[in-house]
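Novice:
Residue numbers (the working numbering): 3 to 189.
(1) Considering only residues of the same chain and omitting the five flanking positions on each side of residue 23, which have a CB-CB separation below 7 angstroms?
(2) Residue range of the alpha helix (DSSP H) that residue 46 falls in?
(3) Are at least three pairs of beta-carbons, each pair with one atom in the segment 76-84 and one in the segment 130-147, less than 8 angstroms apart?
(4) Where are the alpha helix (DSSP H) runs, 4 residues long or more, that stay fully inside the segment 129-186, in chain order?
(5) Considering only C-alpha positions, which residue in the set 165, 60 and 185 is nearest to residue 146?
(6) Name the one or two DSSP bridge partners that residue 88 has.
(7) Please name the residue in 127, 126 and 37 whose C-alpha comes closest to that of residue 90.
(8) Compute the distance between the beta-carbons of residue 117 and residue 104, then report whether it is under 8 angstroms.
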């Protein structure tokens with residue numbers, strides 16, 4: 003894999019924190035409790051297509067999986083993987099803020115799914131925006147799934163089965179943006 007330093011430096015200089023926050027707020031504002039992800043998945047597909055990234059849906063219509071790949075003919079494939087579903091709100095009265103109204107306060111973004119994992123997905127989407135203008139010998143893509151909080155049967159399990167069967171390309175590298183207390187984990 004060849005990534006020119008100039009290209010990488012250029013891309014890093016283009017990272018737009020405000021754009022990431024804007025995307026994250028949009029995602030957080032769409033309720034997407036496991037089993038009710040259709041709206042956020044369709045919104046996200048539209049967002050990717052609006053920035054010029056071709057997408058595919060896999061899985062069911064009500065719980066689609068998004069795949070989007072830039073430079074798909076490159077030899078190696080890097081996939082960013084994330085989920086857009088959230089766990090149900092168990093104690094609504096315990097919330098001091100409206101869960102579906104994202105608020106940026108003292109450099110912290112509050113709202114349902116902000117840390118698990120809509121903010122990570124916002125970063126991935128922004129990286130897709132930036133990757134379009136980079137000269138890479140690498141295919142870069144996202145797999146955004148529903149149903150990660152309730153067993154992954156309608157999300158990651160479908161992806162794995164499609165990759166095993168050859169229906170989807172097997173990634174050479176995968177980055178999962180799940181919170182990990184800043185610990186790098188290798189699977």
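Backbone N, C-alpha and C fix where the C-beta goes; we use that ideal spot for every residue, glycine too.
Note that the coordinates shown come from a computational prediction; the quantities given were computed from them, not determined experimentally.
Specialist: To lay it out plainly:
(1) 106 and 111
(2) 40-52
(3) yes
(4) 158-167
(5) 60
(6) 35
(7) 37
(8) no
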